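Everything below concerns the one structure shown next.
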Amino acid sequence: MEKTKLTHLLEQMTIDEKIDQLLQLAAAFYSDKAEEKTGPMSDLGLTQETINNAGTTLGVSGAKEAIRVQQEYIKNNRLQIPTILMADIIHGFRTIFPIPLALGSSWDLNAAEQMAEISAREAAVSGLHVTFSPMVDLVRDPRWGRVMESTGEDPYLNSRLAEAFVKGYQGEDLTNDFERVAACVKHFAAYGAAIGGRDYNTVNMSERQLRESYLPGYQAALAAGAKLVMTSFNTVDGIPATANRWLFRDVLRKEFGFDGVVISDWGAVKEIIAHGAAEDEKQAAELAIKAGVDIEMMTTCYNDYLKELIEEGAVAEELLDEAVLRILTLKNDLGLFENPHRGADEAAEARVVLSQEHRTAAREIAQKSMVLLKNENILPFKSTETVAIIGPAAHSKDILGAWSWQGKQEEAVSLIEGSKAVSENILYGKEPFDYFAPTEAAINEAVTLAKQADKVVLALGEQDWMSGEAASRSDIRLPEAQLALFKQLQAVNEQLVVTLYNGRPLDLQGIDEAKAIVEAWFPGTEGGHALANLLWGQYNPSGRLSMSFPETVGQVPVYYNTETTGRPYESAPDEKYVSKYLDVSNYAKYPFGFGLSYHEAQYSELSLDKSQLSAEEKLTVSLQIKNNSDFAGEETVQLYLRDLVGEVVRPIKELKGFQKVWLEPGETKEVTFSITEDMLRYVHSNQETSSDAGTFQAMVGSNSRDLQMATFKFVR
């Protein structure tokens, strides 16, 4: 539909119909079972006429239901405007992939794009049009439950992954490619910086830090073409994001040039009152529409008060019209006026959803996402070794993660099931094993098996409810029962490997003496196969952390790209009057970018092709990497820069590039990076981005800690 036709359609709408377009309602309101929608209707005080005209719908499931809802909606809508069906498809629809934090640890942009493309395909044939993904919130505090939905602590890596997600979800031609869905970037802005890691809590940071660390991920996703932006629950500079005119009108619209749809998070418009920034729903509606929020999700401040605000002259009707036009444009961009059912297809749904092709992809991506944190020559297992697989996560299929809306645990592959596919020499118990209070019988059986085995896999971790939204934890250690089990098994067999299913970086005190530790995250439907392949050497681990693991929760937040201080720890670590703790180091247990493999890569001969860089030139960094092992494997070679003197204090290092390099046994490769002036830019105290002349360090290595360094000067 041409834009002039959309404008004509807008002109035909009554003010009530326009306001209804700004309302998003959950699937229950469109149920064909009266008992399912009577309660919700009463709770929100909605009439059937409002439901018939509400512009978008949340959480409809399945092609048949999607087609029915759309048919009923159009039939009841005076102008036959279709609805948009949206849902939380975060890391898979029915085929569940690793959680986003794990995908970040793959450092594999193609894998991220493939995950999004498969998720979109399954969602689209099931009738959905929009996914509330990617979440690009930068996170430095693992106590926050929604860290599992982020890709980590680094602006550069988050930005590259955000681009890959959007490309995978939306493809090249969203209007005509009905196997893709529109992406909604969230949460704008800085939701991941909630104080104390407590969900929904206040965020407090400078505008400069917001611009330098937190906004780049959103901006990258928008530059990739994302169609929607979701507001965050937190405040930004003391103003709730959903009411923040500067954030949405000035930064998002004017600076970033975003002309798509802004949607509130669930109930966020009404929550402006709870924040103390509005005295009632009427004021909340006024603040949100003036801030630029187009869709109100699951509260009715707009419906109840926007017309009155316009009639009083408190809100210009032009603000309503521009919001409605953006929603109609999105519907048009999705091709819904000509194809209201879009990709919904029951036959295709049966063929595509959870196909073997998708399961295979999920397995491969899960393998890439797992991180080998420690290995004292115990892995990989040999086929001749007897391995006991013990612990609460051994049989568990609770491996999908908190945001697996359509995923089914019964379709997941447990570690024991995966291990049976690669080895005949495994032992495992039959007693049910609780995560928090295992029975004496289960513990006794585990000890007996450990005594019988050559080596032991102790499968530990979180359950899915322990991370995700509203799942903040002050203590991010493993449960006490699991730590006690580790000690009991270690006493009878020191050849002990710990595997972890979890949704956040953990404080791993209590299992430090394990011979190996494998961070498997919540790996998704094919997790058991992926983890078994890694343990028995059918896959050489290549994952690298996208978020640091602390030595203890008392260090949190601990992240690699910190700023130096006037009394830096490194200047005199044995002195008291420097910036440090008395009882623990300043450093992460396992830093950003860290991960082990079965091959041994030697980095050497770092060099620069020149000692001075100007704005018009590029500087080439090169080094040699040799595989000193009998294993072929993949290295993630990482480039960091440091500006030694800045107009504002600069981080001690910043990721500026990375490459995935495959090495055959004994092979040596030269790896090169180009450094250009734009890589030296940062946000100055005047909120503008530019570079400073001066001395810089270029650092290359296998993680943010173990680096080789060379110095160059930037001149103008």
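Residue 568 in UniProt numbering sits at position 568 of the sequence shown, with consecutive numbering throughout. Ideal Cβ placement from N, Cα and C applies to all residues, glycine included. From a predicted model like this one, the values you see are computed outputs, not experimental measurements.
- Task: Please classify Glu286: is it buried, with 16 or more other beta-carbons within 10 angstroms of its beta-carbon, or exposed?
- Result: Residue numbering aside, residue 286 sits at position 286 when the sequence shown is read from its first letter. Result: buried.
- Task: Let me know the secondary structure DSSP gives Leu379 once reduced to three states.
- Result: As a position in the sequence shown, residue 379 is number 379, starting the count at 1. In the displayed model, Leu379 falls within coil according to three-state DSSP, outside both helix and strand.
- Item | From Phe188, Asp454, Gly171, Lys186, residue whose alpha carbon lies closest to that of Arg180 | For this step, residue 180 is matched to residue 180 along the sequence shown. Closest option to Arg180, judged by alpha-carbon separation, among Phe188, Asp454, Gly171, Lys186: Gly171.
- Message: Just to confirm before moving on: does the CB-CB distance between Thr499 and Ala442 stay below 7 Å?
- Response: Locating residue 499 in the sequence shown gives position 499, where the first residue counts as 1. Locating residue 442 in the sequence shown gives position 442, where the first residue counts as 1. Taking 7 Å as the Cβ cut-off, Thr499 and Ala442 do not qualify as a contacting pair.
- Message: Let me check understanding here. Comparing Cα to Cα, which of Leu489, Ala284, Glu113 lies closest to Val315?
- Response: As a first step, residue 315 is located in the sequence shown; it is residue number 315 there, counting from the start. The candidate whose alpha carbon is nearest that of Val315 is Ala284.
- Which term fits Gly633, buried or exposed, when burial requires 16 or more other beta carbons within 10 angstroms of its beta carbon? Here residue 633 refers to the residue found at position 633 when the sequence shown is read from its first residue. It is buried - the Cβ of Gly633 has at least 16 other Cβ atoms within 10 Å.
- Can you tell me which of the three DSSP states Phe486 falls into? One-based indexing of the sequence shown puts residue 486 at position 486. DSSP places Phe486 in helix when its eight states are reduced to three.
- Query: When DSSP labels each residue in this structure, what does Tyr30 get in the three-state scheme?
  - Reply: For this step, residue 30 is matched to residue 30 along the sequence shown. Correct three-state label for Tyr30: helix.
- For Val262, which residues does DSSP report across the bridge? Residue mapping note: residue 262 aligns to position 262 of the sequence shown, counting from 1. Residue pairing for Val262: DSSP places it in a beta bridge opposite Val229.
- Ordered list of beta strand (DSSP E) runs contained in the region 243 to 306, each at least 3 residues: You should have 261 to 263.
- Message: Given this structure, state the Cα-to-Cα distance separating Ala344 from Val492, to the nearest angstrom.
- Response: Numbered from 1 along the sequence shown, position 344 holds the residue referred to as residue 344. Numbered from 1 along the sequence shown, position 492 holds the residue referred to as residue 492. About 56 Å.
- Query: Three-state secondary structure (DSSP) at Pro651?
  - Reply: Start at 1 with the first residue of the sequence shown, and residue 651 comes out as number 651. Strand.
- CB of Gly468 within 7 Å of CB of Ala402, strictly: Against the sequence shown, residue 468 aligns to sequence position 468. Against the sequence shown, residue 402 aligns to sequence position 402. Yes.
- Since His187 is in the beta strand (DSSP E), which residue starts that stretch and which ends it? Reading the sequence shown from its first residue, position 187 is the one you call residue 187. Counting along the chain, the beta strand (DSSP E) containing His187 begins and ends at 182 to 188.
- Item | According to DSSP, residues forming a beta bridge with Pro240 | Translated into positions along the sequence shown, residue 240 becomes position 240. BP columns for Pro240 point to Thr235.
- Item | Contact the region 191 to 199 vs the region 144 to 152: 3+ CB pairs below 8 Å | Yes, the region 191 to 199 is in contact with the region 144 to 152.
- Have a look at the DSSP bridge pairing and note the partners of Ala520. Your numbering for residue 520 matches position 520 in the sequence shown. Answer is none; Ala520 lacks a bridge partner.
- Message: I'd like the span of the beta strand (DSSP E) that includes Asp643, first residue to last.
- Response: As a first step, residue 643 is located in the sequence shown; it is residue number 643 there, counting from the start. Bounds of the beta strand (DSSP E) holding Asp643 are 633 to 643.
- Task: Go through the region 425 to 465 residue by residue and report every complete run of the alpha helix (DSSP H) that reaches 4 residues or more, in order.
- Result: The DSSP assignment places 440 to 452 as complete runs of the alpha helix (DSSP H) inside the region 425 to 465, in order along the chain (cut-off: 4 residues).
- Given 8 Å, three or more beta-carbon pairs between the region 511 to 526 and the region 366 to 382: Under the three-pair Cβ rule at 8 Å, the region 511 to 526 counts as touching the region 366 to 382.
- Task: Figure out for me which residue from Ser105, Ala348, Met679 has the closest Cα to the Cα of Glu616.
- Result: Looking up residue 616 in the sequence shown gives position 616. Considering only alpha carbons, the answer is Met679.
- Message: Just checking Glu513 against the ligand COA - is the residue's beta carbon closer than 6 Å to any of the ligand's heavy atoms?
- Response: Of the ligands one can find in the structure shown there are none, so the ligand COA has no counterpart to examine.
- Taking all protein chains shown into account, decide if Pro573 is buried (16 or more other Cβ within 10 angstroms of its Cβ) or exposed. Numbered from its first residue, the sequence shown carries residue 573 at position 573. By the neighbour-count rule (16 or more Cβ atoms within 10 Å), Pro573 is not buried but exposed.
- Message: Taking 8 Å as the cut-off, does the region 693 to 704 touch the region 626 to 646 (at least 3 CB pairs, one atom from each stretch)?
- Response: Flag = yes, the region 626 to 646 and the region 693 to 704 touch.
- Look up Asn339 in the DSSP assignment and say whether it is helix, strand or coil. The residue given as residue 339 occupies position 339 in the sequence shown. It is coil, neither helix nor strand.
- Query: So what's Met370 in DSSP terms, helix, strand or just coil?
  - Reply: Taking the sequence shown and counting its residues from 1, the one referred to as residue 370 is at position 370. Of the three classes helix, strand and coil, the one that applies to Met370 here is coil, per DSSP.
- Query: Is there contact here, the region 384 to 394 with the region 553 to 562, by at least three beta-carbon pairs under 8 Å?
  - Reply: Short answer: they don't touch.
- Task: Could you tell me the distance, in whole angstroms, from the CA atom of Ala183 to the CA atom of Arg567?
- Result: Along the sequence shown, one-based indexing puts residue 183 at 183. Along the sequence shown, one-based indexing puts residue 567 at 567. Our two residues, Ala183 and Arg567, have alpha carbons roughly 45 Å apart in a direct line.
- Could you tell me which uninterrupted alpha helix (DSSP H) segments, each at least 4 residues in length, are contained entirely in the region 35 to 118, listed from first to last along the chain? DSSP runs (the alpha helix (DSSP H)) wholly in the region 35 to 118: 48 to 53, 63 to 76, 100 to 106.
- Query: Straight-line CA distance for Val203 to Ala268?
  - Reply: By one-based count along the sequence shown, residue 203 stands at place 203. By one-based count along the sequence shown, residue 268 stands at place 268. The alpha-carbon atoms of Val203 and Ala268 are separated by roughly 15 Å.
- Message: If contact is defined by three or more beta carbon pairs under 8 Å, each pair taking one atom from either stretch, is the region 61 to 73 in contact with the region 89 to 108?
- Response: Contact between the region 89 to 108 and the region 61 to 73 is absent, because fewer than three Cβ pairs lie under 8 Å.
- Where the beta strand (DSSP E) through Gln697 begins and ends: By 1-based counting over the sequence shown, the position of residue 697 is 697. Looking at the DSSP string, the run of the beta strand (DSSP E) that includes Gln697 is 694 to 701.
- DSSP on Val661, reduced to helix/strand/coil? Position 661 of the sequence shown holds residue 661. When DSSP states are grouped into helix, strand and coil, Val661 belongs to the strand group.
- Task: Go ahead and label Gly217 buried or exposed: buried means 16 or more other beta carbons lie within 10 angstroms of its beta carbon, across all protein chains shown.
- Result: In the sequence shown, residue 217 corresponds to position 217, counting from 1. Buried is the call here.
- Coil, strand or helix - Lys18 by DSSP: Here residue 18 is taken as the residue at index 18 of the sequence shown, counted from 1. Lys18: helix per DSSP, three-state reduction.
- I think Thr668 touches Gln612, with their Cβ atoms under 8 Å apart; what is that distance to the nearest whole Å? As a working mapping, residue 668 is identified with position 668 in the sequence shown. As a working mapping, residue 612 is identified with position 612 in the sequence shown. Contact annotation, Thr668 with Gln612: C-beta distance approximately 29 Å; criterion of less than 8 Å not satisfied.
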